Amino acid sequence: MNEILPGVDPREQSVPALVWAADEAVRRGLVLRLVVAVPPAHDGLRYDALARQSALRIRAESAIANAEDLVRELHDGLRIATERVNGVPATVLRDMAQHAALAVVGSRRLGRPAEMFGESSVVVPLTARADCPVVVVRAPEHTAVHPPTVVVGVDGSDSSQAAVAFAVEEAILREGRLRAVWVWPHTLLAHDDDEEGLAERRRLLAESVAGWAERYPDVTISQEVLRGHPVERLALASQESLSLVVGRRGRGGYSGMRLGSTVHGLLHRAPCPVITVPLPQRERRTGDPARADRARSGTADRARDHCPARHWDATTSTRDGGARGRPRSIGRFCGEVSIMKRIRISPRPVRPRGPAPLDLRTPAGRRLPY
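Under the numbering used here, read the sequence shown as residues 171 to 540, first letter to last.
Written out as structure tokens, the structure reads:
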């Protein structure tokens, strides 16, 4: 991980993203690898597809040459590597991001449907699946504000802890201060809006940054708990900051969700570069052991006790399994039990039944043809 990976868009030069990536490569002393991907052409005729593919290739080579000239004008001594790859841009950058410290992309038209769902869309797929932190430069950073500030969103999740670690490193490189923000959404329950709940969230926020404040006493870390919608409050808090650092996914959402709704909203509304930090690969493979233990001891036991689809020993006579025996489980808990249904197999295929014929008759009882 000794390189920074900015994606070059052949359609338009993302100058803010290139400048951000070049400056970051100088600060970290890393190689800047400029990558442009040539997507496949999907024209119906082979001749048209070859002509379009050739035009895309020429366009990509011109774009990466212009990007290299721009970066060398900014930093003459920076180590630069260029590469042109055939493939879908999001897939190419995701594969190359496995060996990068940072991936940087620009996004000035993220709200358009072609940018969100088109083949050349890069921002959302790369942010959701890259193995390294992804920087989305939708707006330039605010360098005129002193002291420079890096804002990090905290919610107590494992992903936000990784975001805090990256934000501290970024604040040290920028010689700025860190502003840790915990957004407490409004709820419909009145008892959840008391001072006790506010004090609890302040305590959780202090615990999230306590270790970093002790390890790096020279970094000024401010803590703040805000009320409101996370996207709105974080976007407002980062109006004059260098960058906004968030975890890839917070506490909400379903288990298979790769990108949280807060990150989706910030990619559209944040007034500064957004840095999305994933969990380290080791934690993504193993997960949280404490959380797994709690699930095995709590939720799994309740599911096993209340599940009606349990297998029973021959000595068990009651359906509740209390007096005459114990349930014989397949797997560890109810979610692993497969319920087999009896299926009747016909020796020949059964044709679907057509509509019933209409029985139309005259008042005298004579049947009418239909």
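Built from N, CA and C at the ideal position, the CB exists for glycine as well. As the structure is a prediction and not an experimental result, all values here were calculated from the model.
Out of Trp354, Ala271, Arg372, the CA that lies nearest to the CA of Gly398 is found in Trp354. Shown here, Val196 sits in a helix according to DSSP, grouped into three states. Per the DSSP secondary-structure output, Ala350 pairs in a beta bridge with Val322, Gln393.
Excluding its 5 nearest sequence neighbours in each direction, Ser408 has C-beta neighbours in its own chain below 7 Å: Val321, Leu414, Ala440, Pro441, Cys442, listed in chain order. Pairwise C-beta distances place the stretch 314-330 in contact with the stretch 372-379, as three or more of them are shorter than 8 Å.
For Leu175 against Leu263, the beta-carbon gap comes to about 7 Å, under 8 Å, which counts as contact. For Val258, no alpha helix (DSSP H) encloses it, and the DSSP letter there is neither H nor E. Following the DSSP letters along the chain, one finds Ala405 inside the alpha helix (DSSP H) bounded by residues 400-407. The residue from Trp190, Ala187, Val178 with its alpha-carbon nearest to that of Val208 is Val178. The C-alpha of Leu436 lies about 30 Å from the C-alpha of Arg254. The alpha-carbon of Gly417 is positioned some 16 Å away from that of Glu402. Here Thr252 has Leu204, Ile234, Glu238 as same chain residues with Cβ atoms under 7 Å from its own Cβ, once five neighbours each way along the sequence are excluded. By the C-beta density criterion, Glu243 is exposed, having fewer than 16 other C-beta atoms within 10 angstroms. Here the alpha carbons of Ile342 and Trp352 stand approximately 21 Å from one another.
Of the candidates Leu248, Thr357, Ala333, Val395, Val395 places its Cα closest to the Cα of Leu368. For Ser411, no alpha helix (DSSP H) run applies, since DSSP gives it neither H nor E. Of the residues assessed, Met171 falls on the exposed side of the cut-off, its CB having fewer than 16 other CB atoms within 10 angstroms. Following the DSSP letters along the chain, one finds Leu202 inside the beta strand (DSSP E) bounded by residues 201-208. Within its own chain, the residues whose Cβ lies closer than 6 Å to the Cβ of Ala211, once the five positions on either side in sequence are excluded, are Ala219, Arg222, Gln223, listed in chain order.
For Asp246, the closest alpha carbon among the candidates Gly346, Glu231, Val196, Val447 is that of Val196. In the DSSP assignment, Leu296 falls within the unbroken alpha helix (DSSP H) covering 293-299. In this structure, the alpha-carbon of Leu449 lies about 27 Å from that of Glu410.
DSSP lists Val206 as the beta-bridge partner residues of Arg254. Residue environment for Pro387: exposed (fewer than 16 other C-beta atoms within 10 angstroms of its C-beta). Collapsing the DSSP output to three states places Arg536 in coil. Nearest to His356 by alpha-carbon distance, out of Pro400, Ala405, His269, is Pro400.
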